[in-house]
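Plus 183 on top of the position in the sequence shown (first one is 1) and you've got this note's numbering. Before any comments, here is the structure.
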Amino acid sequence: FGYTVAGIGSRFIGALIDTSLLVLALLLLNLAIWLLLGWLSANTPPVSLGDEQASDWVAGLVIALYALINFGLIWGYYLLFELLWNGQTPGKRLAHTQVVQANGSPAGFTDIAIRNLVRIVDFLPVAYGLGLVVMFSNRRARRLGDFAANTLVIRRQEGVKLSDLAATLPAKPEPQAAGLTP
184 FGYTVAGIGS RFIGALIDTS LLVLALLLLN LAIWLLLGWL SANTPPVSLG DEQASDWVAG
244 LVIALYALIN FGLIWGYYLL FELLWNGQTP GKRLAHTQVV QANGSPAGFT DIAIRNLVRI
304 VDFLPVAYGL GLVVMFSNRR ARRLGDFAAN TLVIRRQEGV KLSDLAATLP AKPEPQAAGL
364 TP
């Protein structure tokens, strides 16, 4: 069996959908943190902890947790969906694409983790340009993370049903009874 490699267009559609969902989730996270910090500043009594105020310490903790959750959301989104949905995220599912190993077998945890850790490098200003050049210069449209993890994004084929195959077979000729002629 062979696979059709996903082109840059279908990969872009999937990435656009996934990025939109992530931006929405991050906006909701920002709103929740903003509301929490506002509530903390209004409801935390100014108890002295040495030279710092308690509210400053709590606000710092909330911001640190925010940064950790932010990273977890961005990295975990791709990691969890691709693991649980057999190499697909919501964007890939809608674009009918899927991540597999370069040999066509399903991508495992290590493959998915490596390709998505390198995704962070793809977003760095200089590396982003390099990543685009790499994608356009290879016939399989692989990005840096795909090279690092030895993965490939393919077009998902719709499932083939036996009834579909039967419809494409030529009609059988009618059997003729032996010795009978019209």
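Note that beta-carbon positions come from the ideal geometry of N, C-alpha and C, so glycine has one too.
Query	Result
Taking the C-alpha atoms as reference points, what is the distance between A250 and G185?	42 Å
When the Cα of L244 is compared with those of L267, R339, Q271, I216, which residue comes out closest?	I216
Hey, how far is the Cα of R339 from the Cα of E265?	14 Å
What number of angstroms, rounded off, separates the C-alpha of F292 from the C-alpha of L214?	32 Å
Considering only residues of the same chain and omitting the five flanking positions on each side of G270, which have a CB-CB separation below 7 Å?	Q281, V282, V283, P289, A290
When you compare each of A208, A296, I295 to N253 by their alpha carbons, which one comes out closest?	A208
Does the beta-carbon of T272 have 16 or more other beta-carbons within 10 angstroms, so that it is buried, or is it exposed?	buried
Please identify the residue among S320, T334, G274, I337 whose C-alpha is closest to the C-alpha of I196.	G274
In chain order, what residues of the same chain lie with their CB nearer than 7 Å to the CB of G314, ignoring the 5 residues before and after it?	D305, R326, L327
Between which residues of its own chain and A324 is the CB-CB distance below 8 Å, once the five residues before and five after are set aside?	V188, A189, G190, I191, R194, M318, V336
Kindly list the residues whose CB is nearer than 6 Å to the CB of A332, restricted to its own chain and excluding five residues on each side of it in sequence; keep chain order.	D294, I297, R298
Looking at the unbroken beta strand (DSSP E) that takes in L335, where does it start and where does it end?	334-338
Just mark A278 as buried or exposed, buried being the case when its beta carbon has 16 or more other beta carbons within 10 Å.	buried
Tell me whether T280 sits in a helix, a strand or coil according to DSSP, three-state version.	strand
Hey, L212 and L256 are a contact pair by Cβ (cut 8 Å); roughly how many whole angstroms apart?	7 Å
Return the residue from the list G312, S320, V301, V206 that minimises the CA-CA distance to T334.	V301
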